[in-house]
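Asks:
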Amino acid sequence: MRLTKRQLRRVIQESILNEMGFRDMRHSSSRTRYNQRSAELEEDMPMDSHKACVQKCFAAIPPMMKKMCGMGMSHMVTNDIYHLCEPICEQMGCDCDEVSAEVEEMCCR
Numbered sequence: 072m073r074l075t076k077r078q079l080r081r082v083i084q085e086s087i088l089n090e091m092g093f094r095d096m097r098h099s100s101s102r103t104r105y106n107q108r109s110a111e112l113e114e115d116m117p118m119d120s121h122k123a124c125v126q127k128c129f130a131a132i133p134p135m136m137k138k139m140c141g142m143g144m145s146h147m148v149t150n151d152i153y154h155l156c157e158p159i160c161e162q163m164g165c166d167c168d169e170v171s172a173e174v175e176e177m178c179c180r
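Quick note: the sequence shown uses the working numbering, first residue 72, plus one each step.
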């Protein structure tokens, strides 16, 4: 069986995502860990609201998404980063577009 470059690229990306547990981040256990982390951050952050919002959102990003950004695949998780930041930004009164873009940039470093 022959694969085209596009098919091979897709197989590799899917295997990387499965290997990193990408699908598992939507399970309730991940939300519990997020809630614990966000509670810890609220205690330690006497910063202005934008910086605090960015820090909270960055802490909410799973390590595998940060790793994907570091591997040059940030375009695959841009939407996920936005949706992870959205409730935090809404709660803190920040602009989600700005915050998620800043968080994505932090992940790529």
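Ideal Cβ placement from N, Cα and C applies to all residues, glycine included.
Quick one: measure Cβ to Cβ for Ser145 and Cys178, integer angstroms, because I've assumed they're closer than 8 Å.
Replies: For the purposes of this step, residue 145 is taken as the residue at position 74 of the sequence shown. For the purposes of this step, residue 178 is taken as the residue at position 107 of the sequence shown. Ser145 to Cys178, Cβ: 7 Å. Contact.
Asks: Does Met142 come out as helix, strand or coil in the three-state DSSP assignment?
Replies: Taking the first residue of the sequence shown as 1, we reach residue 142 at position 71. Here Met142 sits in coil by DSSP.
Asks: According to DSSP, simplified to helix, strand and coil, what is Ile132?
Replies: One-based indexing of the sequence shown puts residue 132 at position 61. Looking at Ile132 - three-state DSSP - the assignment turns out to be coil, as it is neither helix nor strand.
Asks: Buried or exposed: where does Met96 fall if 16 or more other Cβ atoms within 10 Å of its Cβ makes it buried?
Replies: Locating residue 96 in the sequence shown gives position 25, where the first residue counts as 1. At Met96 the pLDDT is 48, less than 50, meaning the model places this residue with poor confidence and gives no usable figure here.
Asks: Less than 7 Å between the C-beta atoms of Met140 and Ile159, yes or no?
Replies: Position 69 of the sequence shown holds residue 140. Position 88 of the sequence shown holds residue 159. Looking at the sequence itself, residue 140 is Cys, so the reference to Met does not match. No. Outside cutoff.
Asks: Shortest alpha-carbon distance to Ala123 belongs to which of Met142, Arg77, Cys156?
Replies: As a working mapping, residue 123 is identified with position 52 in the sequence shown. Out of Met142, Arg77, Cys156, Cys156 has the C-alpha closest to the C-alpha of Ala123.
Asks: Return helix, strand or coil for Val170, following the three-state DSSP convention.
Replies: Translated into positions along the sequence shown, residue 170 becomes position 99. Val170: helix per DSSP, three-state reduction.
Asks: Alpha carbons only, please: which of Lys137, Lys138, Gly164, Lys76 is nearest the one belonging to Asp119?
Replies: Counted from its first residue, the sequence shown places residue 119 at position 48. Nearest option by C-alpha distance: Gly164.
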